[in-house]
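When you read off a place in the sequence shown, starting at 1, and then add 244, the result is the number in the numbering used here.
A virtual CB, placed ideally from N, CA and C, is assigned to each residue, including glycine.
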Amino acid sequence: MNVPCVRVPRESGEAARRRLADAGLLDHDHEITVAEGTLYIPVVDADAVPDDLAVVDFEPPTRETQTTPADLLGFEPSYERLGDIVILDEDDPDRAREIADAIVASDLKAETVVNRASKVKGELRVRDWDVLVGDSTETVHREYGHEFRLDIDAVYFSPRLATERHRVVEAVREGERVFDMFAGVGPFAVPAAAAGAEVVACDLNEVAVSYLRENAERNDLADRITAIHGDVREVAADYKGWADRLIMNLPHSAGDFLDTAVRLASDECVVHLYDIQHEDDPFGPGLAAVRAAAEPTYEVDVVNEHVVRSYAPHEYNVCLDVRLTKRA
245 MNVPCVRVPR ESGEAARRRL ADAGLLDHDH EITVAEGTLY IPVVDADAVP DDLAVVDFEP
305 PTRETQTTPA DLLGFEPSYE RLGDIVILDE DDPDRAREIA DAIVASDLKA ETVVNRASKV
365 KGELRVRDWD VLVGDSTETV HREYGHEFRL DIDAVYFSPR LATERHRVVE AVREGERVFD
425 MFAGVGPFAV PAAAAGAEVV ACDLNEVAVS YLRENAERND LADRITAIHG DVREVAADYK
485 GWADRLIMNL PHSAGDFLDT AVRLASDECV VHLYDIQHED DPFGPGLAAV RAAAEPTYEV
545 DVVNEHVVRS YAPHEYNVCL DVRLTKRA
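Below, the structure written as structure tokens:
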């Protein structure tokens, strides 16, 4: 029997599945199916699917009944997946343990279950974890056709930002020079290099840079990525005027590095500035900061204003895409 399915290229499947799951649109009675390199994701309401996703009629297999954590708990637990790690965010340790036990007893594939034990902290942006199941916080995460090995206990990584990373990387053109100022394990750098860019990726976290180098090798892109451990403010002297595109994914303090970004910028450079701002004016402060750093040397034009996600009550994580053009 034909049912409505979202049709996407296989390499885009996980991000599309995540979006549909977040919107409660997945049809769990039918299997997600791959046919000739295309993924078909069954949905319960074709009219509610975002306009940028294609919906077609397709005949996927009926899903065999599997035991989910919700079946065992009697409620739908909240969690996210990163490779073979399941991540919980529960304030009550007893509830976290109950959910972890249900995950183990269900058909959900997981080697490790952790619960967030702190907020992201320190200049290396790491957090503490309570490991409830398993003995390793290292995993391999797959995103848009690329693989990333990482240890969540030593580096910052958010699987929730996969769609946002893809949005930025889709704008990268072959031959561009891309500078990722806060690169982590490479989730921007690796796909940017795969798009044909020459990439310089810098991070203060030495462990993250080690994983970044490994991930460049893992994805056969080591010849396109220069990974640098250090403070980007010190590294910038070697790349003055080099970058055609700058990625500034450090939302709470990226604005403090705009003078460095201007030093790195070529005569025409697109800057992706991530920020946390109040809903009343999510983009104004960031744009004012860019203008203060870049003008009058550069003309500043807004390319795009994009809300990434809700961060806290009345606050958004946003990305301001601006083009800097050097004045004659």
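Within the segment 331-380, ranges of the alpha helix (DSSP H) (whole runs, at least 4 residues) = 337-349
Under 8 Å, do Arg417 and Glu458 count as touching if we go by C-beta distance?
-> For the purposes of this step, residue 417 is taken as residue 173 along the sequence shown, with counting starting at 1. For the purposes of this step, residue 458 is taken as residue 214 along the sequence shown, with counting starting at 1. Taking 8 Å as the Cβ cut-off, Arg417 and Glu458 do not qualify as a contacting pair.
One or two residues paired with Ile469 in a DSSP bridge | Residue mapping note: residue 469 aligns to position 225 of the sequence shown, counting from 1. DSSP, once it has assigned bridges, lists Val443 as partnering Ile469.
Thinking Phe432 and Leu490 are a contact (beta carbons under 8 Å), I'd like their distance in whole angstroms, please.
-> Residue numbering aside, residue 432 sits at position 188 when the sequence shown is read from its first letter. Residue numbering aside, residue 490 sits at position 246 when the sequence shown is read from its first letter. So it is not a contact: roughly 11 Å between Cβ atoms.
May I ask you to list the residues that DSSP assigns as paired with Ala292?
-> What you label residue 292 is simply residue 48 of the sequence shown in a count that begins at 1. In the DSSP output, where bridge partners are listed per residue, Ala292 has none listed.
Test item: CB-CB of Tyr400 and Val364 under 8 Å = Position 156 of the sequence shown holds residue 400. Position 120 of the sequence shown holds residue 364. Yes, they are a contact pair.
For Leu391, I'd like the list of residues in its chain whose CB is within less than 8 Å of its CB, leaving aside the five on either flank, ordered along the chain.
-> The residue you call residue 391 lines up with position 147 of the sequence shown. The residue you asked about is not Leu; residue 391 is Glu in the sequence shown. Same-chain partners within the cutoff: Val384, His385, Asn459, Arg462, Asn463.
Please work out which residues of its chain come closer than 7 Å, Cβ to Cβ, to Asp475, disregarding the five sequence neighbours upstream and downstream, and give them in chain order.
-> The residue given as residue 475 occupies position 231 in the sequence shown. The answer, listed in chain order, is Leu448.
Would you kindly work out how many angstroms separate the C-alpha atoms of Asp372 and Asp301, rounded to a whole number?
-> Locating residue 372 in the sequence shown gives position 128, counting from the first residue. Locating residue 301 in the sequence shown gives position 57, counting from the first residue. Going from the Cα of Asp372 to the Cα of Asp301 covers about 45 Å.
Rounded straight-line distance, which links the Cα of Gly327 to that of Gly281 = The sequence position of residue 281 within the sequence shown is 37, counting from 1. The sequence position of residue 327 within the sequence shown is 83, counting from 1. Using only the alpha carbons, I get a separation of about 22 Å.
Taking the alpha carbon of Ala436 as the point to measure from, which residue in Tyr455, Leu465, Gly428 has its own alpha carbon closest?
-> As a working mapping, residue 436 is identified with position 192 in the sequence shown. The candidate whose alpha carbon is nearest that of Ala436 is Leu465.
Find the nearest neighbour of Ser402 within the set Glu387, Ala415, Glu414, Val413, judged by alpha-carbon distance.
-> On the sequence shown, position 158 is the one that residue 402 refers to. Of the candidates Glu387, Ala415, Glu414, Val413, the one whose C-alpha sits nearest the C-alpha of Ser402 is Glu387.
Taking only the alpha-carbon atoms, compute the straight-line gap between Thr312 and Gly318 and give it to the nearest angstrom.
-> The sequence position of residue 312 within the sequence shown is 68, counting from 1. The sequence position of residue 318 within the sequence shown is 74, counting from 1. So the alpha carbons of these two residues sit roughly 10 Å apart.
Rounded straight-line distance, which links the Cα of Ala498 to that of Leu568 | As a first step, residue 568 is located in the sequence shown; it is residue number 324 there, counting from the start. As a first step, residue 498 is located in the sequence shown; it is residue number 254 there, counting from the start. Computed Cα separation, rounded: 17 Å.
Top-ranked residue by Cα proximity to Val453, from Val247, Gly430, Ala406 | Counting from 1 along the sequence shown, the entry for residue 453 is found at position 209. Taking only the C-alpha atoms, the option nearest Val453 is Gly430.
Just to confirm, are Val514 and Asp565 a CB contact at a threshold of 8 Å?
-> Here the question's residue 514 lines up with position 270 in the sequence shown. Here the question's residue 565 lines up with position 321 in the sequence shown. Against a cut-off of 8 Å, the Cβ pair of Asp565 and Val514 comes out as a contact.
Which of helix, strand or coil does DSSP assign to Glu408?
-> The count along the sequence shown starts at 1 and reaches residue 408 at position 164. It is helical.
Any idea if Gly485 is buried or exposed, counting beta-carbon neighbours within 10 angstroms, 16 or more meaning buried?
-> As a working mapping, residue 485 is identified with position 241 in the sequence shown. When all chains shown are included, Gly485 counts as exposed.
Buried versus exposed, by CB contacts within 10 Å (16 or more), Gly428 | If you number the sequence shown from 1, residue 428 lands on position 184. Its Cβ being crowded by 16 or more others within 10 Å, Gly428 is buried.
Collapsed DSSP secondary structure at Val552 in the structure displayed | Position 308 of the sequence shown holds residue 552. Note: Val552 maps to strand in three-state DSSP.
Three-state class that DSSP yields for Arg386 in the structure shown | The residue labelled residue 386 in the question sits at position 142 within the sequence shown. Of the three classes helix, strand and coil, the one that applies to Arg386 here is strand, per DSSP.
Segment limits, beta strand (DSSP E) that includes Asn561 | Taking the first residue of the sequence shown as 1, we reach residue 561 at position 317. 559-570 is the span of the beta strand (DSSP E), which, as asked, contains Asn561.
Does the Cβ-Cβ distance between Glu450 and His473 come in under 8 Å?
-> As a first step, residue 450 must be located in the sequence shown, where it is residue number 206. As a first step, residue 473 must be located in the sequence shown, where it is residue number 229. Closer than 8 Å, so yes.
First through last residue of the beta strand (DSSP E) which encompasses Val278 | Sequence index remark: in the sequence shown, residue 278 carries index 34 (1-based). That run of the beta strand (DSSP E) goes 277-279.
Might you give, ordered along the chain, the residues of its own chain that have their beta carbon closer than 6 Å to the beta carbon of Ala290, omitting 5 neighbours on each side?
-> For the purposes of this step, residue 290 is taken as residue 46 along the sequence shown, with counting starting at 1. Cβ contact annotation for Ala290 (same chain, cutoff 6 Å, sequence separation greater than five): Pro248, Val299, in chain order.
At 3 residues or longer, and completely inside the segment 413-458: list those beta strand (DSSP E) runs for me, N to C.
-> 421-424, 442-447
Inspect the beta-carbon positions of Pro495 and Asp519 and report whether they are closer than 8 Å.
-> Looking up residue 495 in the sequence shown gives position 251. Looking up residue 519 in the sequence shown gives position 275. In contact: Pro495 and Asp519 (Cβ atoms closer than 8 Å).
From the DSSP output, in three-state form, read off Leu297 for me.
-> Against the sequence shown, residue 297 aligns to sequence position 53. If DSSP states are grouped into helix, strand and coil, Leu297 belongs with coil.
Residues bridged to Pro248 [DSSP beta-bridge criterion] | As a working note, residue 248 is residue 4 in the sequence shown. Bridge partners of Pro248: Asp301.
Chain-order list of residues whose beta-carbon lies under 7 Å from that of Val479 (same chain, five-residue window excluded) | One-based indexing of the sequence shown puts residue 479 at position 235. Only Cys446, Ile472 meet the Cβ criterion.
Can you tell me which of the three DSSP states Ala267 falls into?
-> Locating residue 267 in the sequence shown gives position 23, where the first residue counts as 1. Coil at Ala267, not helix or strand.
According to DSSP, what are the bridge partners of Ala498?
-> In the sequence shown, the residue the question calls residue 498 occupies position 254. Ala498 is not bridged to any residue.
With a CB to CB cut of under 7 Å and the five nearest residues on each side skipped, what residues in its chain are close to Ala533?
-> For this step, residue 533 is matched to residue 289 along the sequence shown. Taken in chain order, the residues that qualify are Gly499, Leu502.
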